[in-house]
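The sequence shown maps to residues 1 to 133 in UniProt numbering.
Don't be surprised by glycine CBs; every beta carbon is placed ideally from N, CA and C.
Here's the structure we're looking at; comments come further down.
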Amino acid sequence: MQDIMTICNYCGCGCGVYLRVEEGLVVGSHPSRSHPISRGNLCSKGWHLHEFIHSHKRLKEPLLRQNGILQEVSWDEALDFTAAALLHAKETTGPDSIGVLSSAKCSNEENYLLQKLTRAGLGTNNIDHCARL
1 MQDIMTICNY CGCGCGVYLR VEEGLVVGSH PSRSHPISRG NLCSKGWHLH EFIHSHKRLK
61 EPLLRQNGIL QEVSWDEALD FTAAALLHAK ETTGPDSIGV LSSAKCSNEE NYLLQKLTRA
121 GLGTNNIDHC ARL
């Protein structure tokens with residue numbers, strides 16, 4: 001058994017959490033008492049952080065709808081498709097036809113980068129978030 005220190009990824013707070021690993025599988029989580037942000041506390045999602053890692057419901061590969069059916073595709077194919085669709089929308093209907101939705105599950109740094117991409121890269125201020133966890 002091994003405890004590995006990391007940061008909880010459920011929101012942008014950055015709470016310190018240890019993941020308990022047994023035989024290569026994450027089997028539990030508990031708070032870091034010395035972490036300067038969380039100080040030994042975790043919300044209920046942080047306490048159960050380990051449960052989604054091995055879930056059969058977790059998406060591990062990108063999916064694209066082809067002929068009405070979601071199909072697994074490579075990351076390159078999914079990114080190329082998304083970039084082409086965004087470029088097409090920007091060129092045909094203008095940058096303000098695009099909206100970006102972020103998440104409280106992103107880190108503060110990820111949300112910062114997404115707003116920079118939205119404003120500087122796509123040329124729109126249409127960015128919002130869903131703060132519900």
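If you compare the alpha carbons of Asp128, Leu113, Glu61 with that of serine 102, the shortest gap goes to Asp128. Residue nearest to isoleucine 53 within the set Val26, Leu117, Asn41 is Val26 (criterion: CA-CA distance). Counting C-beta pairs with one atom in each stretch, the region 40–50 and the region 6–13 have three or more that are closer than 8 Å, which means they touch.
Rounded to whole angstroms, the gap between the alpha carbons of alanine 131 and alanine 104 is 5 Å.
Beta bridge pairing from DSSP links valine 17 with Thr6, Pro31. A check of alpha carbon separations from histidine 30 across Gln2, Val100, Gly68, Thr82 identifies Gln2 as the nearest.
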